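*Asks:* Each residue of the sequence shown is one higher than the one before, starting from 678 at the first, in the working numbering.
In this text, a Cβ means the ideal position worked out from N, Cα and C, and glycines have one as well.
All figures in this text were calculated on a predicted structure; none of them were measured in a lab.
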Amino acid sequence: MDPGAPPVAPPEFQVYNSYAIDPQYARGFTAFWVSLVGVAVLISLPGLLRSIRRGRVYTGVGIWEDLHGQSYAPVSAEEKLPPRQLTNATRPIYDYVRSKGYLLAPGLNLDIAQITVVALYYGALLFCVLHKIDLKQYPNRAGFMSLAQLPVIFVFASKNGILSVLLGRGYEKLNFLHRWAGRGLLLSATIHGSLWIRNHLLEAPYLMKGLKEGQGMAAYGTLCLIVLTSLSPIRRAAYQVFFFLHVIGYVGFFIIICYHTPYAVPWIFPPIAFYAFDLLFRMIRFRIKDVTLVAADQQMTLIHVHDCDGGWTAGQHVRVRAFFGGRVFESHPLTICTAPPATSCAEGSRGLLLGARVQGPWTRALNALAQEQEKGVQISVMLDGPYGGCTIDLADYENVLFVAGGSGVTFTLGLLDDLVGRVVKHGRAKGERTRRVEFAWCIRSFGCIFWFAPLFLDIANKAKGSSIDVHFSIYVTCLCNPEAVPDIPGFDVTMDKPSMRSHMALFLNGSDKEAGNLAATGGGLGVAVCGPNDLIREGQNTIATLSPAQVKRLGGVSLHTEHFSL
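1) Would Ile-830 and Ala-796 be called neighbours here (beta carbons separated by less than 7 Å)?
2) Between the Cα of Leu-781 and the Cα atoms of Asp-772, Ile-792, Tyr-771, which residue gives the shortest distance?
3) Specify whether the region 1014-1021 and the region 941-954 touch according to this definition: at least 3 beta carbon pairs, one from each stretch, less than 8 Å apart.
4) Roughly how many angstroms separate the alpha carbons of His-937 and Arg-1214, rounded to a whole number?
5) Taking Cys-1207 as the reference, give the member of Gly-1199, Leu-1236, Phe-1184 with the closest Cα.
6) Would you kindly work out how many angstroms separate the C-alpha atoms of Ser-909 and His-1240, rounded to a whole number?
7) Considering only the beta carbon of each residue, do Asp-1169 and Tyr-1152 sit closer than 7 Å?
8) Could you give the first and the last residue of the continuous beta strand (DSSP E) run that contains Trp-1118?
9) To the nearest angstrom, how far is it from the Cα of Tyr-952 to the Cα of Leu-1092?
10) In angstroms, rounded to a whole number, what distance separates the CA positions of Asp-1094 and Glu-890?
11) Taking the alpha-carbon positions, what's the Arg-1230 to Gly-1025 distance?
12) If the criterion is Cβ atoms closer than 7 Å, does the pair Tyr-773 and Val-1228 meet it?
13) Is DSSP giving Asp-772 helix, strand or coil here?
14) Does Cys-1244 pass the burial test, meaning 16 or more other C-beta atoms within 10 Å, or should it be called exposed?
15) According to DSSP, what are the bridge partners of Gly-926?
16) Is the beta carbon of Thr-736 sitting closer than 7 Å to the one on Thr-990?
17) In the DSSP assignment, find the alpha helix (DSSP H) that holds Phe-1184 and state where it starts and stops.
18) Can you name, in chain order, every residue of its own chain whose Cβ lies under 7 Å from the Cβ of Pro-769, other than the five neighbours on each side?
19) Report buried or exposed for Ala-819, applying the criterion of at least 16 other Cβ atoms within 10 angstroms of its Cβ.
20) Hey, how far is the Cα of Glu-1075 from the Cα of Val-1101?
21) With a cut-off of 8 Å, do at least 3 Cβ pairs link the region 826-846 to the region 893-901?
22) Relative to the C-alpha of Thr-707, which candidate in Leu-1060, Leu-802, Cys-901 has its C-alpha closest?
23) Thinking just about the alpha-carbon of each residue, which of Leu-725, Ile-1056, Ile-740 is nearest to the one in Val-734?
24) What are the boundary residues of the beta strand (DSSP E) that Arg-1034 is part of?
25) Cβ of Thr-978 within 7 Å of Cβ of Leu-1043?
26) For Val-918, I'd like the list of residues in its chain whose CB is within less than 8 Å of its CB, leaving aside the five on either flank, ordered along the chain.
27) Looking at Asp-699 and Phe-804, is the spacing between their C-beta atoms short of 7 Å?
28) On the premise that Ile-868 lies in contact with Pro-816, defined as a C-beta separation below 8 Å, what is that separation, rounded to the nearest angstrom?
29) Could you spell out the range, first to last residue, of the beta strand (DSSP E) harbouring Val-968?
30) Looking at C-alpha atoms only, which residue of Lys-836, Gly-861, Pro-1209, Lys-850 is the closest neighbour of Ala-825?
31) Excluding the 5 residues flanking Phe-853 on each side, which residues of the same chain have their C-beta closer than 7 Å to its C-beta?
32) Check whether the Cβ of Asp-1173 lies closer than 6 Å to any heavy atom of the ligand PLP, and answer yes or no.
33) State buried or exposed for Pro-828, treating a residue as buried only when at least 16 other CB atoms are found within 10 Å of its CB.
34) Residue range of the beta strand (DSSP E) that Ser-1057 falls in?
35) Quick check for students: name the residue ranges of the alpha helix (DSSP H) that lie wholly in the region 720-745, counting only runs of 4 or more.
36) Can you give the Cα-Cα distance for Leu-957 and Ser-835, rounded to whole angstroms?
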């Protein structure tokens, strides 16, 4: 011990230095969630490398137009059917373990895998808040942990974040972490604020009127407004109001919190950087396009976007801002129903097709405008995107099952168009393995089939006589005008509701000799489900409850789901 050094008090007599110790926990929490993201990136690396090798990772930068017309030479390639491959022994085991994560918890819109991630997040948060501290005496710890969650909230809110590329997941698949991190911020801010108020009321009530305390309560009030207007019923009923209050609320929150404490300043720079990058990349993706609106009926509006030659993959969506009727400030997500023209089975296609189901004021006004002229109405739109997409490449599986409910067909139909086009038009140039496809669609009336009948017909004609077998099962829940069924090869129309288990049985047992052989040799099964929550729940729970023997017989199984809800 240096005799010239000042004396050091024993630990039991040392005063807790909140401003020296608590930031260490905030940095430790940051290191923890960044490490978890790193592990997730490593797990997703094989899929990312496959996507890079096939060039699909580069196609979502933005929709483009071929000004020289060089992309429209007819594609004619001889199909090279890859030989049957014995399934890797470890793949069914991996798929079986992963499938258990699909199971949806009752009363929650989270599956087991998502619940595990949220539990890890909150476990780390609560550990950092409560570890070796008397919170009643030193509530600053919870305040520092509130600041440490700001980067998490913004990185998982970005539509154009690098994490979407590295993880192979669209922003909508990562957005649940944004919501739960926001709730974690509210929790820690509530702990921090309520304990400070308690201490002031007990020891020095006059301090409640101080400037710092007023700024803290203003920041907390702003945070409560952001969280309350983010609840699902409010988002669905008034999305534009929710979005406006979200943006304005966080701007106000950042300003107030920086006045409240100087320790907040370093924590707001990463969120600002994430948001600025998101806005910049979104501006790069903006496109102004001419479109033709065609009313398929009073429930569906088809939007034909002209002069779009590439820049998207099947299953992605764009946010559409239509210039009509003073609705320029509204944008709505619509799924692209077709693959790029070089791959699409649609005859004479040079553009992309969107489908807008009539559900609210915007889609109702769009449908009314389209009905003004029988051959369609010309307007201009702004496209923002594309975003999202299927998290699995269905061409890696010998067997593929599509299940859609209502307008969810816009997602599955685009994937089918891409899959058949890659097999028939490109001749399996990138090793596509798919041999059998079952396409199930549940609708309310027979007339809904005509929404996309021309595209169905083009796909069926392309697949006919090729090495890929496509079968359509249409389930109608309302008995009305059964004669209005178009004549499309491979179409079966049934008055019933679809059952995921019955469709899984087709691949497990085989509906005929050829199908039975396909199932018996494995080859893998890729499943894509899009529709309302009940359909998604049935799909995920069906896959999650497969036995190890069934997963092995299929040769492994993978699932992608798309929700309607915001």
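*Replies:* The structure says:
1) no
2) Ile-792
3) no
4) 45 Å
5) Leu-1236
6) 14 Å
7) no
8) 1113-1120
9) 31 Å
10) 60 Å
11) 41 Å
12) yes
13) helix
14) Residue 1244 cannot be examined here, being either before or after the span of the chain that is shown, 678 to 1243.
15) According to DSSP, Gly-926 bridges with nothing at all.
16) yes
17) 1177-1186
18) Val-1228, Lys-1229, Gly-1232, Gly-1233
19) buried
20) 15 Å
21) no
22) Leu-802
23) Leu-725
24) 1028-1034
25) yes
26) Thr-906, Ile-911
27) no
28) 7 Å
29) 964-972
30) Gly-861
31) Leu-787, Gln-791
32) Summarising the ligand content, the structure contains no ligands, and the ligand PLP is consequently not present.
33) buried
34) 1054-1065
35) none
36) 11 Å
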